[in-house]
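Respectively, the protein sequence lines represent chains V, D, B and X. For the first sequence, our numbering gives the first residue as 444, with consecutive numbering after it. For the second sequence, our numbering gives the first residue as 4, with consecutive numbering after it. For the third sequence, our numbering gives the first residue as 46, with consecutive numbering after it. For the fourth sequence, our numbering gives the first residue as 269, with consecutive numbering after it. Just so you know, even glycine gets a beta-carbon here, dropped at the ideal spot from N, CA and C.
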Amino acid sequence: MVVRGRGLGLEIVLSEDDLTASLDALDARFAEQRDFYRGSGATVLFGSAVPTDEQFARLRGILDVRGITLRALQGGADVERRAREENVEFSVATQERLSPAARSLVADFAGARNDIAGRRKRGESRVRRASTGEAPQLRLAEAVTTLYHAGTLRGGQALHHVGNLVVVGDVNPGAEVVATGDILVFGRLCGVAHAGAQGDEVARVYAIALRPVQLRIASRIAADDDGAARGAQEPEVAFVREAHIVIVPFHRMEVPN
Amino acid sequence: MNLGAALATAGKRVILVDADIGLRNLDLVLGLEKRIVVDLVEVAEGRCQLRQALIRDKRFPALSLLPASQTRDKDAVTQEQFAAIVDQAAEAADYVLVDSPAGIEGGFRNAIAGATEAIVVTTPEVSAIRDADRVVGKLSDRALPIRLIVNRLRPEMVHTGDMLSVEDVCEVLGVELLGVIPDDEEIIDTTNRGEPLVLDDSKRLAAIFHKIVRRLEGEIVPFTRFGNGYRHGLLGRLFAGLTTG
Amino acid sequence: MIEFLRRFLSAASPSASTAKERLRLVLMTDHLALGPEIVDAMKRDLVDVISRHVEVDREKIEVTFERQDRAIALLANIPILSVRRPEPPAPPAPPAVRPRRKRSRRRRTTASAAEPAAAT
Amino acid sequence: MHALTHTATATEPAVTRGETTKLGRAIVVTSGKGGVGKTTTTANLGTALAQRGARVALVDADIGLRNLDILLGLENRVQYHVLDVLDENASLDDALVADKHSDGLYLLAAAQSREKEEVDTEKMRALVASLRERFDYVIIDSPAGIEKGFKNAVAGAQEAIVVCTPEVSAVRDVDRVVGLLGNRFRPQLVINRVRPQLVKKGTMLSVEDVDAFLRLPLLGVIADEPQIIVTTNRGEPLALSRDGQTANAYHAIAARIAGEDVPAPRVEMPKPTLFERLFRGGRA
């Protein structure tokens with residue numbers, strides 16, 4: 444069960460396999476914070492779960508007691524029926540939402556980050572533009588989910604995903620994209636990108652304009668100081684070679700046949 | 004940040020704390036944005052140590068920054084957690100400067116939680132002075148000693164009677180003056196480049212920040228008197244009357 | 046009209062002094078958390094009470110608020126024309142003011158707005 | 269000495285809005301960063317719209333940091349404020365203060381000695397909705413920051429104007445706010461306090477730089493003119509006059525909001541004054 448501030452209200456993600464357990468967790472979470480959420484609106488995401496009448500009534504109860512108005516529901520056809528009855532907005536559960544497997548992400552990234560912080564203390568590396576040396580092979584997609592996000596990520600927005608992450612639009616400075624697999628930004632990558640976030644050193648970061656504030660692959664970290672100034676107008680890819688993050692123009696990548 | 008840098012050049016160990024969670028800018032104007040890995044929220048949540056999150060500034064060995072988080076918001080840290088972090092920082096530094104967010108809501112309350120003194124910064128404009136007065140009221144509820152910095156003063160407008168003078172502002176707010184900073188393009192230039200002014204002592208405003216530092220250290224330092232030299236137009240030189248600054 | 050000439054010839058008093066006056070007044074109202082209509086009423090009653098004992102020149106009366114470090118003092122500058130001979134005082138008219146909901150005193154130091162200082 | 273004028277009670281703003289009650293437009297003015305000119309923009313936009321004959325309500329949502337009243341010169345006429353209305357201590361009519369410069373313009377002031385956390389978001393939404401029934405435009409002046417005050421200010425609005433100065437941290441804060449507003453709004457951008465000389469010298473970001481980064485529809489560009497400070501001192505919004513580049517910039521913004529297509533905003537380079545021309549050989 445995840446409760447997130449999203450835009451102007453709360454986004455409550457209920458787990459699909461055990462709805463009752465996550466309702467208990469929700470109630471416990473609100474109990475901890477008395478009426479901190481009073482007065483705000485909530486969107487509840489059921490994913491593929493189908494709540495029974497009793498479970499749905501319990502959800503309404505939990506929200507009403509805390510003074511939170513139900514503003515929207517997301518889920519399958521059954522949830523849509525409920526949304527009509529409650530006359531709140533409805534949206535179909537799309538794969539765009541954080542996949543359930545991603546829920547433990549934050550803890551994992553914290554682990555990676557601490558390691559990186561320690562590494563940074565010992566002198567942080569500057570990214571090198573490799574002109575020579577072999578270019579990496581394009582990786583064949585393993586059986587990993589890819590989160591496809593259409594739209595620019597503004598400052599302060601973060602997108603985490605277990606698997607690969609594709610952003611069609613810019614990642615503005617102050618925004619953060621984190622994935623356990625590769626990251627591809629079809630636009631300007633100016634925020635912080637962290638690929639291979641659970642230790643996959645082979646992960647890559649691709650972008651039409653690769654000018655991140657900071658680039659992290661697995662537990663390697665690099666600040667792209669000259670990137671912004673240089674502003675090369677060609678797509679580039681960043682990868683790890685001999686424990687250092689290197690950036691090469693994309694066209695020099697070898698495409699396996 | 005210029006004050007922090009000036010303190011550091013005076014040999015003081017300084018930790019700058021950015022309390023503006025969600026609207027992080029201190030790292031930007033210091034040019035340290037690229038080196039942030041972990042931030043204040045992660046220290047508060049105990050997921051990393053304070054010293055891991057501190058970023059040293061190569062140009063000022065005695066200066067380091069505890070950055071705010073950009074992707075979280077103000078309710079991510081409680082007042083107690085914030086005060087604890089400031090206390091912990093105070094053990095490792097002579098000065099801990101906490102940059103408070105705008106407004107008087109939770110973020111402001113967090114920022115002043117660990118403080119023993121307060122500096123209120125205002126411009127000589129009507130709405131800024133009124134906001135400053137409200138903040139002074141809130142601070143005096145907590146018996147914090149308060150001092151005032153008047154920023155973006157335009158001496159030529161004070162001279163033509165279109166802008167409140169520093170005396171006016173001090174009189175209306177009833178707070179002791181700590182420093183006066185004229186409206187100068189140097190500030191815009193250096194913040195855009197992420198370089199504290201005191202890096203280059205030829206800058207007009209560097210001297211002003213050094214003076215503020217000396218006053219912070221308890222010295223009585225006379226305030227700069229801004230002639231109309233700041234007014235580049237000919238008009239200024241014609242009426243080179245002195246306005247107290 | 047050349048901009049700088051216009052500024053010199055503009056008859057209006059320099060805007061900064063207007064601003065300072067307005068600010069003093071509005072900060073005082075903020076501090077006392079009183080609405081302006083109560084400040085009006087307070088001034089009227091003050092002058093009524095005094096004019097029962099001495100004859101005052103109502104036109105030249107000046108009632109202002111002065112800041113003394115963080116407290117506010119009410120200053121009344123009331124020109125006295127002559128002393129009234131003791132006659133039975135008329136019953137004071139009840140102040141026609143709707144009491145504003147009392148906010149708990151936010152500031153620890155009590156504002157000394159109550160006792161008007163001597164006419165300066 | 270500013271005479272304490274007797275408080276004018278708000279006359280009943282008669283509702284004459286034709287047969288179908290076409291709801292007014294609720295627009296929030298916000299910025300994230302403080303001190304960029306949100307309240308000045310709100311006061312001048314409201315004045316400019318009112319001068320076009322529209323019925324405009326300005327709502328000061330900056331509880332505890334009230335400023336809209338002093339910018340309009342109405343600080344002595346405020347008797348009841350937003351929270352009085354929300355707590356039902358006063359009716360909306362009592363709290364609405366008529367502007368003394370432009371008729372059709374009304375102010376609903378913020379509470380000065382209360383906290384933002386005391387405002388219930390749903391009630392604020394309902395208040396804005398009821399104002400929309402009586403006014404063509406309801407412009408809500410949001411507090412700085414992104415906390416509860418900001419959320420309350422945005423709650424009832426359908427449109428948003430974001431204000432920034434051509435300065436790195438102000439632009440980044442607007443980017444953050446746009447992200448927070450989510451896809452409910454398509455905010456329009458006002459770039460305030462532009463100094464053409466500094467832009468020419470390359471010290472200050474240009475309108476194009478800011479636009480390229482934020483990629484928002486550009487509603488207006490306001491030069492950093494001393495005249496604005498003078499009008500604020502006097503509590504007479506600059507938009508009351510029609511002379512001068514900056515006053516007309518506000519009127520252009522009002523026209524764009526009202527739907528007229530007005531040429532894109534830009535800031536002309538300042539004409540050198542006579543003295544400068546005579547004695548400095550005039551600037552290029």
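Query	Result
If we call anything under 8 Å between Cβ atoms a contact, is residue 463/X one with residue 598/V?	no
Check whether the Cβ of residue 357/X sits closer than 7 Å to any heavy atom of the ligand NAP, and report yes or no.	Because no ligand of any kind appears in the structure shown, any question about the ligand NAP cannot be addressed here.
Can you give the Cα-Cα distance for residue 53/D and residue 654/V, rounded to whole angstroms?	29 Å
Short of 6 Å in beta carbon distance, which residues of its chain neighbour residue 692/V, apart from the five on each side in sequence? Order them along the chain.	677 and 679
For the beta strand (DSSP E) containing residue 684/V, name the first residue and the last one.	679-684
Any idea what DSSP makes of residue 380/X, helix, strand or coil?	coil
Spatial neighbours of residue 492/X within its chain, please: CB distance less than 7 Å, with the 5 preceding and 5 following residues excluded, ordered by chain position.	461, 462 and 463
Against chain V, which members of the region 434-447 of chain X pass a CB distance test of less than 7 Å?	440, 443, 444, 446 and 447
Ends of the beta strand (DSSP E) at residue 154/D?	149-156
Is there at least one Cβ from chain X nearer than 8 Å to residue 92/B's Cβ?	no
Grab me the residues of residue 522/V's own chain with a C-beta within less than 6 Å of its C-beta, minus the 5 sequence neighbours each way, in chain order.	489 and 516
Could you have a look at residue 534/X and say whether DSSP puts it in helix, strand or coil?	coil
Check whether chain D comes within 8 Å of residue 551/V, counting only Cβ atoms and requiring the distance to be less than that.	With a pLDDT of only 47 at residue 551/V, under the threshold of 50, the placement of this residue in the model should not be trusted; the figure read from the coordinates follows. Not one chain D Cβ lies under 8 Å of residue 551/V.
Taking residue 75/B as the query, report the chain X residues whose CB atoms sit under 9 Å from its CB, ordered along the chain.	334, 380 and 381
At 7 Å on the CB atoms, spell out the chain V contacts of residue 37/D, in chain order.	656, 657, 666 and 668
With a Cβ-Cβ cutoff of 8 Å, do residue 110/D and residue 77/D count as a contact?	yes
Taking the beta strand (DSSP E) that residue 513/V falls in, what are its first and last residues?	512-518
For a test of the three-state rule: what should DSSP assign to residue 518/X, helix, strand or coil?	helix
Tell me whether residue 609/V sits in a helix, a strand or coil according to DSSP, three-state version.	strand
May I ask you to report which of helix, strand or coil DSSP gives residue 173/D?	helix
Identify the contact partners of residue 59/B in chain D, using a Cβ-Cβ distance below 8 Å as the criterion.	163, 164 and 165
Evaluate residue 637/V with the Cβ neighbour count: other Cβ atoms within 10 Å of its Cβ, from every protein chain shown; 16 or more gives buried, anything less gives exposed.	buried
Using 8 Å as the threshold, is the region 468-476 of chain X in touch with the region 140-158 of chain D, meaning 3 or more CB pairs across them?	no
Restricting to runs no shorter than 4 residues, where is the alpha helix (DSSP H) found entirely within the region 70-156 of chain D?	82-94, 109-116 and 129-144
Rounded to a whole number of angstroms, what is the C-alpha to C-alpha distance between residue 63/D and residue 596/V?	34 Å
Which value, in whole angstroms, describes the spacing of the CA atoms of residue 25/D and residue 72/D?	6 Å
Report the residues of the region 181-192 of chain D with a CB closer than 7 Å to any CB of chain X, ordered along the chain.	188, 191 and 192
Skipping 5 residues on each side, what residues in its chain have a beta carbon closer than 6 Å to that of residue 9/D?	201, 212, 213 and 216
Hey, how far is the Cα of residue 199/D from the Cα of residue 206/D?	10 Å
Given this structure, state the Cα-to-Cα distance separating residue 61/D from residue 17/D, to the nearest angstrom.	13 Å
According to DSSP, what are the bridge partners of residue 628/V?	610/V and 650/V
Could you confirm whether any beta carbon from chain V is found closer than 8 Å to the beta carbon of residue 389/X?	yes
Less than 7 Å between C-beta atoms, sequence neighbours within five positions excluded: which residues of the same chain meet that for residue 129/B?	98, 99 and 100
For residue 73/D, would you say it is in contact with chain V, using Cβ-to-Cβ distances shorter than 8 Å as the test?	yes
Excluding the 5 residues flanking residue 544/V on each side, which residues of the same chain have their C-beta closer than 7 Å to its C-beta?	For residue 544/V, the pLDDT reaches just 38, beneath the cut-off of 50, and the residue's location in the model is therefore unreliable, although a value from the coordinates is still provided. 605, listed in sequence order.
Less than 8 Å between the beta carbons of residue 428/X and residue 411/X, yes or no?	no
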